[in-house]
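Reviewing the structure listed below.
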Amino acid sequence: HRLKAQMAHQIMGNLPANRITPSRPFSTTGIDYCGPFFTRQSKSRGNISTKSYICIFVCFSTKAVHMELVEDLTAIAFLAALKRFIARRGKPNIIHSDNATNFAKASSDLKELYEILSSPSHQTNISSCLANQGIQWEFIPPASPHFGALWEAAVKSTKYHLRRVVGLTRLTYSELNTIVIQVESFLNSRPLTPLSSDPNDLSVLTPAHFLIGESLAAAPEQDLTDVKMNRLTRWQLVQQLSQHIWSRWTREYLSSLQQRTKWKTTSSNLKIGTMVYIKDDNSTPLTWKLGRIIDLHPGSDGHIRVVSVKTSTGILKRTITKLCPLPEDHTRAEDQQNESRKSF
1 HRLKAQMAHQ
11 IMGNLPANRI
21 TPSRPFSTTG
31 IDYCGPFFTR
41 QSKSRGNIST
51 KSYICIFVCF
61 STKAVHMELV
71 EDLTAIAFLA
81 ALKRFIARRG
91 KPNIIHSDNA
101 TNFAKASSDL
111 KELYEILSSP
121 SHQTNISSCL
131 ANQGIQWEFI
141 PPASPHFGAL
151 WEAAVKSTKY
161 HLRRVVGLTR
171 LTYSELNTIV
181 IQVESFLNSR
191 PLTPLSSDPN
201 DLSVLTPAHF
211 LIGESLAAAP
221 EQDLTDVKMN
231 RLTRWQLVQQ
241 LSQHIWSRWT
251 REYLSSLQQR
261 TKWKTTSSNL
271 KIGTMVYIKD
281 DNSTPLTWKL
291 GRIIDLHPGS
301 DGHIRVVSVK
311 TSTGILKRTI
321 TKLCPLPEDH
331 TRAEDQQNES
341 RKSF
């Protein structure tokens, strides 16, 4: 059964409310790391290279991106990047990030950082730091990177642009920081949806419209500081234009997000007591752990996509895409064997 294991699945859930509700950019934010990238201290020959990383912040509602280059993967460097982000983009209400177990295939340094961030001791420190500002920190379920597809896509795009621009060139920290900000500009200029259905209108709605009110590639506006007030455009018109952007976002961009590329059918929910194999991407099927579901975590639509599984070593929280349910007759046989062992 393990060698031909079929993972459980459920119909793709509806978009969360913070993805479809008009709100201030970065009020709900996803965080991920990208790297390492090697930098040198100066342009002279024989300089020692050091590692640098990119902390990526992604807005849930507008897909706007903010990037911070950090020198190391310490918790202090992360909090400093978070403070710079808040100072420039405003305070988020909710922050989502990956769990440390999602980095089994990533670099050891990156995995170590997320283990630090998700550790109880660090959560106490960061919670006290963010509680004063009213920021809520939430981790996605362990071993479920598809729950963070929004920031995973931003990481993929960032790496793509950096490979095209930097390649194998070793830049200084300042030079790399300049390139990173330019890549941020590229990502914030990508089209979300056309602004009109006119075939002659080539303008599109981009994340930059929600950040600065227009495309980053738009020409600077005329200086109106010396123009008389009776000749200026009314503030109500500016408000109307801003509301028009959000209405286009609601009517057209949101409809494009409703398309499901997979998990289109509804499956029966897993039940408490079901025996399952727990898939491990780093081991062979013959070594997968056997466990029993002891708790269900339903989504807002009532479908079960995350469960708690009891194994011989403890309790794990996993998505159903990492579980292979055993047939019911096999589960009954396991129960009978356990009962017979208890009788002896």
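Take the sequence shown: its letters are residues 1 to 344, numbered as in full-length UniProt numbering.
The C-beta atom is built at its ideal place from N, Cα and C for all residues, glycine as well.
Helix, strand or coil: which one does DSSP assign to Gly-134?
-> Per DSSP, reduced to three states, the secondary structure at Gly-134 is coil, with no helix or strand assignment.
Helix, strand or coil at Glu-68 according to DSSP, with G and I counted as helix = Strand.
Give me whichever residues DSSP pairs with Met-275 in a beta bridge.
-> According to DSSP, Met-275 bridges with Arg-292.
Option in Trp-137, Ser-268, Thr-158 and Ser-61 with minimal Cα separation from residue 349 = The shown model of the chain, from 1 to 344, leaves out residue 349, and the question about it has no answer.
Of all the options Glu-68, Ile-212, His-96 and Leu-270, which has the alpha carbon lying nearest to the alpha carbon of Ala-8?
-> Minimum Cα distance to Ala-8 is reached at Leu-270.
Could you name the residues of the same chain whose beta carbon sits closer than 6 Å to that of Ile-304, not counting the 5 residues immediately before and after it, in chain order?
-> Excluding residues within five positions, the ones whose Cβ falls inside 6 Å are Asn-269, Leu-270, Leu-296 and Pro-298.
Throw me the rounded Cβ distance for the Phe-60 and Gly-30 pair, which I believe falls under 8 Å.
-> Their Cβ separation, rounded to whole angstroms, is 7 Å, which keeps Phe-60 and Gly-30 in contact under 8 Å.
Work out the CA separation of Leu-171 and Val-70 for me, nearest whole Å.
-> The alpha-carbon atoms of Val-70 and Leu-171 are separated by roughly 14 Å.
Can you tell me whether DSSP reads Ser-185 as helix, strand or coil?
-> Under the three-state reduction of DSSP, Ser-185 is assigned to helix.
Roughly how many angstroms lie between the CA atoms of Val-183 and Pro-207, to the nearest whole one?
-> Spanning the two alpha carbons is a distance of roughly 14 Å.
Ignore the nearest five residues each way along the sequence and tell me which others in Asp-280's own chain have a CB closer than 8 Å to its CB.
-> Excluding residues within five positions, the ones whose Cβ falls inside 8 Å are Thr-287, Trp-288 and Lys-289.
Proximity winner among Leu-73, Asp-72, Glu-68 and Asn-93, relative to Ala-81 (alpha-carbon distances) | For the residues Leu-73, Asp-72, Glu-68 and Asn-93, the minimum Cα distance to Ala-81 belongs to Glu-68.
To which residues of the same chain is Arg-84 closer than 7 Å at the C-beta, ignoring the five residues directly before and after it?
-> Contacts found: Glu-68.
Minimum length 4: unbroken alpha helix (DSSP H) runs contained in the segment 20-58 = Taken in chain order, the segment 20-58 contains no complete alpha helix (DSSP H) segment of 4 residues or longer.
Taking the beta strand (DSSP E) that Ser-97 falls in, what are its first and last residues?
-> Unbroken beta strand (DSSP E) run through Ser-97: 94-97.
Do you know how far the Cα of Arg-164 is from the Cα of Phe-210?
-> Taking the straight line from one Cα to the other gives about 27 Å.
Mind checking which residues open and close the beta strand (DSSP E) that includes Pro-325?
-> Pro-325: member of the beta strand (DSSP E) spanning 323-325, first to last residue.
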